[in-house]
Amino acid sequence: MVNLTAADSGGIWSGVGIIDANMGLFDPLIAGIGTHTVTYMISLPCGDTASINIVVDDCVPVKPHAVVPDIFSPNGDGENDVLYVRGEGIKTLYFAVYTRWGEKVFDTVDKRVGWNGTFRDKPLDPAVFVYYLIVKFENDEELNIKGDVTLVR
335 MVNLTAADSG GIWSGVGIID ANMGLFDPLI AGIGTHTVTY MISLPCGDTA SINIVVDDCV
395 PVKPHAVVPD IFSPNGDGEN DVLYVRGEGI KTLYFAVYTR WGEKVFDTVD KRVGWNGTFR
455 DKPLDPAVFV YYLIVKFEND EELNIKGDVT LVR
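Residue numbers (the working numbering): 335 to 487.
Dropping the structure here:
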């Protein structure tokens, strides 16, 4: 995603790849490879139009990888409320979270599902938890990761 900005506000963006005409959001995946003309038009009172060309090249492949943050804050503020496995090229995974004493408090095989800091539908107190992650990538490589994550509220 590319956020386009203009010197003067109040205009409308248009062109292939523009997904939000007011905010000027350009998505290269929607636009596709090639050169795309994007126009910014201000109407009243002193209308004006400006255009730019955006070149979208073929993407460079990203090496498959998986990452688990080392801290999250499930406090309901909308930021870092859920702990997700992030990465590129993930085909399948198994992700489990344990207390320091080895009690499993969360597990999933769905990369779209994260841990919200609860166990049996009750919020857990701030603490350090241990996770175990098995990832199989689209290129059939497999990765096993053990680590810890801090829950803060």
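No residue lacks a Cβ here, since even glycine has one placed at the ideal position from N, Cα and C.
Since we're looking at a predicted model, the values are computed, not measured.
Asked: Coarse secondary structure for Leu-338, derived from DSSP in three states; Found: coil
Asked: Between the CA atoms of Gly-368 and Arg-487 - distance to the nearest angstrom; Found: 46 Å
Asked: Tyr-466 beta carbon less than 7 Å from that of Lys-445; Found: no
Asked: Inter-residue Cα distance where the pair is Ala-430 and Met-375; Found: 51 Å
Asked: Cβ neighbours of Glu-413 in the same chain (closer than 8 Å, five flanking residues each side left out); Found: Ser-407
Asked: Cutoff 6 Å; reference Pro-362; Cβ partners in own chain excluding five residues on either side; Found: Val-390
Asked: Rounded separation between Val-372 and Asn-473 - CA only; Found: 36 Å
Asked: Straight-line gap, Thr-484 to Ala-461 (C-alpha atoms, nearest Å); Found: 6 Å
Asked: Assigned exposure category for Ala-400 - 16 Cβ within 10 Å defines buried; Found: buried
Asked: Check whether Val-443 and Tyr-428 have beta carbons under 7 Å apart; Found: yes
Asked: Reduced DSSP category for Leu-417 - H, G, I as helix; E, B as strand; rest coil; Found: strand
Asked: Distance between Ile-346 and Leu-378 (C-alpha atoms, nearest Å); Found: 12 Å
Asked: Closest Cα partner of Phe-471 within the set Gly-421, Trp-435 and Pro-457; Found: Gly-421
Asked: Ile-364 - containing alpha helix (DSSP H), residue span; Found: 362–365
Asked: Rounded C-alpha distance that separates Thr-452 from Asp-392; Found: 42 Å
Asked: Spatial distance of Leu-338 from Asp-415 (CA atoms); Found: 29 Å
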